[in-house]
Amino acid sequence: MSPEDQYQGGLYRPNRRDLLHVLGVGGATAFAGCDGFLGGNAEQTDRDDDSDSGGTDAADATETARSRTVSGEYTSVAGSDANSLNWLYTNDTTSGAYVDLTLDSAWAIDNDQNVFPLWAEPSTEDGQTYRITLRDNLQWGGGYGQMTAEDWVYMITNVFQGEDNWAGYTNAGDWFRQGEPIPVEQVDTLTFEIRLPEVDPTFPLKPIMWGQSCLPKGILEQYVPDRDAEGLRQDEEINTLQYTGNLGPYTYEEWERESQYVTVRNDDYYLREVEDLGEEWEDVPYFESYTVQVIPEESSRLNALRNGEVTIAGIPPRNAQGFQDNGDIDVYVQPQPFVQALKYNVRANGWELFREIPVRQAFVCAVDKTTLAENLYRGFAEPAYTMQPRFSKWYVEEGIQEYTFGTGDLQGSGPARTRMERGIEGTQYEYAGETLLNPDGDPVTLSLYASSASNTNQTLAELVGQQIESNLGISIRIETIPGNTFQQQYASNSPPEGEDVPWSSGTFNGGPRDVSVSQEPWDMSVVLGFNTYPRTPSSSATFFRERGNANYAGYVPESNIPELYAEASRTVDESERRELFGQVFQQIAREQPFGFLLMESDITGAQDSLVGPSDTFASGWDYQRYYFDR
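Residue -8 is where the sequence shown starts when you use the numbering used here, and the numbers rise one by one after that.
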């Protein structure tokens, strides 16, 4: 999740729409839910630790299935509001969570890493051609009739794979391989095929069809012929979720901007008609309504949890013990896939020296990760060095030891200054004593953005800034900003009006880094956390491809990172695949595309009457089954 999301608690459902599911918005507890509690599509992996902090796992609560009744109002919180309900153009966690309440997706992944069919089920005989079969009881709203394979094929081929990404779809790159669109063809009314150019045994577990949503052909065909991107972006039926029909557990009621988002139980929810799911699914969902309150102040969110005004909220590490001692609150500590890192803007409106590997290494050498993990995060975090957490089976220690920047002998002024001096060789930057001067002879000052919704995220920025100033002689200016504002004005980027670019990968990567820039300049940020995808690591390649749809910072790899990702993705043998991922993560650790800092745990508090959440990585995949035991 992100710094902003992590300490908000209750809404998090990282699925394929999460660029900010790929890019979790900033601060582990700032969002109403980086806890996975809203969430059928949370990235997950195997864990040895199955400990439980006191909550009841919905999957193990079959003995109480008969006691489930529809009652009560579920309320979660968000530190900042969503950007839009048009999921084609959003990838922030809050926007995704709002939409997800009213729309399920193709399928979810359960605690055992098995596909759990929602709208559809995949099958394959060769790991290359995947047949997708839809349920026969899926109905659009707005008079658009039954969801069919034609809806999916039309959307994928005309919008996701539209020429020059005319629609500006954020995740268009997922539907191409080596620059060519993945063939998608309709088989019959409820079946279509996806024909991958190469074998990919983990395709169903990747955020491509996993968690993918859909739009009716009847809406899209109004805009496709004329490539009317603005019309599609502003479409009223999409932006007010009029098309959702029986496709999600809740129905849109109202959205008071910067205040609350309200949904009510969907009386026609399709899953209630599906047989053989188990008794606990028979009357889902079990809440009369699901509301998200937007509460920017962290202290106010925590007070709302203490006072029973909200069902669930994220908890900062410094407050964890107090809530663990509260008999009315169950506290869950969950591993999560988002790495906290110091993001460097290497586009034309960022600091030019961030394009140099030694400079990026120097910045992370300046930061004491161990102290941050132990003191700021109270032990609920550990140092991060590359794009994979230690709990992942794909993490390979060998090859990374020499790049453990920010700890041991690779932390402090010595290793930081040595690398910085190497990085400025041949430039007009120079040191005057302990201070780095720019080509004009002035001290270097850089901006560092933090989330205004998370005190922990702000403190992180302040401590990181102090250590950079002390160990590198660079002045750091801390700026706080709401996560949605950062996404809109700093992460989103585009070329100047009227200027053509050879390619665009959507909202967060509008083209080559020397042309496509954000609305506002920036140098560094800790607002957004990046999804490491511990189950399918190749999904994180989007951050390291020049044309990756999540590459908002404009990074261009200097080694064969994208090629290694691609080779690992198509490798069937797991030991060979792990070896390839080891090479990927070694190169990433060396290049430091962003300064890896920490892997945090989610700490979430819920009223003790809530039954369903657990301490597992996948908690929330079956959130529809949660209920109040009163």
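For glycine and all other residues, C-beta sits at the position ideal for the given N, C-alpha and C.
Here the structure is a predicted model, which is why all the values come from computation and not from measurement.
State the Cα-Cα distance for the pair residue i and residue j, rounded to the nearest angstrom.
{"i": "Phe382", "j": "Pro374", "result": "13 Å"}
{"i": "Gly133", "j": "Arg186", "result": "32 Å"}
{"i": "Gly520", "j": "Ala332", "result": "7 Å"}
{"i": "Asn298", "j": "Ala544", "result": "41 Å"}
{"i": "Glu64", "j": "Ser443", "result": "28 Å"}
{"i": "Tyr631", "j": "Phe587", "result": "In the structure displayed, the chain extends from -8 to 621; residue 631 sits before or after that span and is not available."}
{"i": "Pro434", "j": "Pro584", "result": "25 Å"}
{"i": "Thr498", "j": "Asn484", "result": "6 Å"}
{"i": "Ala88", "j": "Thr282", "result": "11 Å"}
{"i": "Ile579", "j": "Ile552", "result": "7 Å"}
{"i": "Arg616", "j": "Glu212", "result": "36 Å"}
{"i": "Gln251", "j": "Leu206", "result": "25 Å"}
{"i": "Thr242", "j": "Glu570", "result": "46 Å"}
{"i": "Asn540", "j": "Gly236", "result": "30 Å"}
{"i": "Lys360", "j": "Val285", "result": "32 Å"}
{"i": "Asn82", "j": "Ala163", "result": "12 Å"}
{"i": "Val190", "j": "Asp564", "result": "12 Å"}
{"i": "Ala33", "j": "Ile465", "result": "Confidence is the limiting factor: at Ala33 the pLDDT is only 36, short of 50, which leaves the residue's position unreliable, though a coordinate-based value still follows. Taking the straight line joining both Cα atoms gives about 39 Å."}
{"i": "Glu116", "j": "Gln203", "result": "22 Å"}
{"i": "Ser605", "j": "Ala69", "result": "21 Å"}
{"i": "Pro188", "j": "Glu567", "result": "20 Å"}
{"i": "Thr436", "j": "Glu470", "result": "13 Å"}
{"i": "Glu453", "j": "Pro216", "result": "51 Å"}
{"i": "Gly136", "j": "Tyr234", "result": "10 Å"}
{"i": "Thr47", "j": "Lys384", "result": "Residue placement at Thr47 is poorly supported in this model, since its pLDDT is 38, which falls under 50; the coordinates still yield a value, given next. For Thr47 and Lys384, the distance between alpha carbons rounds to 26 Å."}
{"i": "Met590", "j": "Ala372", "result": "5 Å"}
{"i": "Tyr335", "j": "Gly405", "result": "22 Å"}
{"i": "Val358", "j": "Gly397", "result": "5 Å"}
{"i": "Ile472", "j": "Glu582", "result": "28 Å"}
{"i": "Glu537", "j": "Glu273", "result": "47 Å"}
{"i": "Lys197", "j": "Thr66", "result": "30 Å"}
{"i": "Asp103", "j": "Glu271", "result": "18 Å"}
Give me whichever residues DSSP pairs with residue i in a beta bridge.
{"i": "Tyr394", "result": "For Tyr394, which the question treats as bridged, DSSP gives no partner whatsoever."}
{"i": "Lys334", "result": "Ser516"}
{"i": "Trp272", "result": "DSSP output for Trp272 lists no bridge partner at all."}
{"i": "Ala304", "result": "Gly596"}
{"i": "Trp246", "result": "Tyr252"}
{"i": "Pro172", "result": "Phe167"}
{"i": "Asp491", "result": "Partner(s): none; Asp491 has no beta bridge."}
{"i": "Gln284", "result": "Val68 and Gln251"}
{"i": "Met590", "result": "Val330 and Glu373"}
{"i": "Ala111", "result": "Leu125"}
Mind reading off the beta-carbon distance from residue i to residue j? Whole number of angstroms is fine, and I expect it under 8 Å.
{"i": "Gln478", "j": "Asn74", "result": "6 Å"}
{"i": "Leu439", "j": "Gly456", "result": "5 Å"}
{"i": "Glu279", "j": "Arg256", "result": "5 Å"}
{"i": "Gln379", "j": "Phe194", "result": "No, Gln379 and Phe194 are not in contact; Cβ-Cβ is about 20 Å, not under 8 Å."}
{"i": "Phe314", "j": "Val322", "result": "5 Å"}
{"i": "Leu451", "j": "Leu344", "result": "That belief does not hold up - the Cβ atoms of Leu451 and Leu344 are roughly 23 Å apart, past 8 Å."}
{"i": "Val330", "j": "Thr523", "result": "5 Å"}
{"i": "Gln510", "j": "Gln480", "result": "5 Å"}
{"i": "Ala609", "j": "Asp101", "result": "7 Å"}
{"i": "Gly474", "j": "Val518", "result": "6 Å"}
{"i": "Asp165", "j": "Gln327", "result": "The pair is not a contact, with the Cβ atoms about 22 Å apart (cut-off 8 Å)."}
{"i": "Arg224", "j": "Asn77", "result": "6 Å"}
{"i": "Ile348", "j": "Glu549", "result": "7 Å"}
{"i": "Arg309", "j": "Cys356", "result": "That pair is no contact at about 27 Å."}
{"i": "Thr93", "j": "Leu262", "result": "The pair is not a contact, with the Cβ atoms about 14 Å apart (cut-off 8 Å)."}
{"i": "Glu228", "j": "Ile199", "result": "At roughly 25 Å, the Cβ-Cβ gap does not stay under 8 Å, so Glu228 and Ile199 are not in contact."}
{"i": "Tyr618", "j": "Tyr277", "result": "4 Å"}
Give the range of the alpha helix (DSSP H) segment to which residue i is assigned.
{"i": "Asp91", "result": "Thr84 to Asp91"}
{"i": "Val350", "result": "Ile348 to Cys356"}
{"i": "Gln574", "result": "Glu565 to Glu582"}
{"i": "Leu293", "result": "Glu289 to Arg297"}
{"i": "Ala220", "result": "Ala220 to Gln225"}
{"i": "Tyr160", "result": "Segment: none, Tyr160 is in no alpha helix (DSSP H) and carries neither H nor E."}
{"i": "Leu211", "result": "Lys208 to Leu211"}
{"i": "Arg408", "result": "Ser404 to Gly414"}
What residue does the beta strand (DSSP E) around residue i start on, and which one ends it?
{"i": "Gln449", "result": "Note, Gln449: premise wrong, no beta strand (DSSP E); alpha helix (DSSP H) at Asn446 to Leu463."}
{"i": "Ile123", "result": "Thr120 to Leu125"}
{"i": "Gly258", "result": "One point to set straight first is that residue 258 is Asp, not Gly, in the sequence displayed. It is not in any beta strand (DSSP E) - Asp258 carries neither H nor E in the DSSP assignment."}
{"i": "Leu439", "result": "Thr436 to Ser442"}
Using a C-beta cutoff of 9 Å, does residue i count as contacting chain C?
{"i": "Gly520", "result": "Looking at the structure shown, chain C is missing, and only one protein chain is on hand."}
Original post:
Taking contact to mean at least 3 C-beta pairs separated by less than 8 Å, is the segment 96 to 113 in contact with the segment 144 to 163?
Top reply: no
Original post:
Can we say the segment 588 to 599 touches the segment 302 to 317, given the rule of at least three CB pairs closer than 8 Å?
Top reply: yes
Original post:
Touching or not, the segment 525 to 532 and the segment 486 to 505, by the rule of three or more beta carbon pairs under 8 Å?
Top reply: no
Original post:
Are the segment 165 to 182 and the segment 119 to 126 touching by the rule of at least three beta carbon pairs closer than 8 Å?
Top reply: yes
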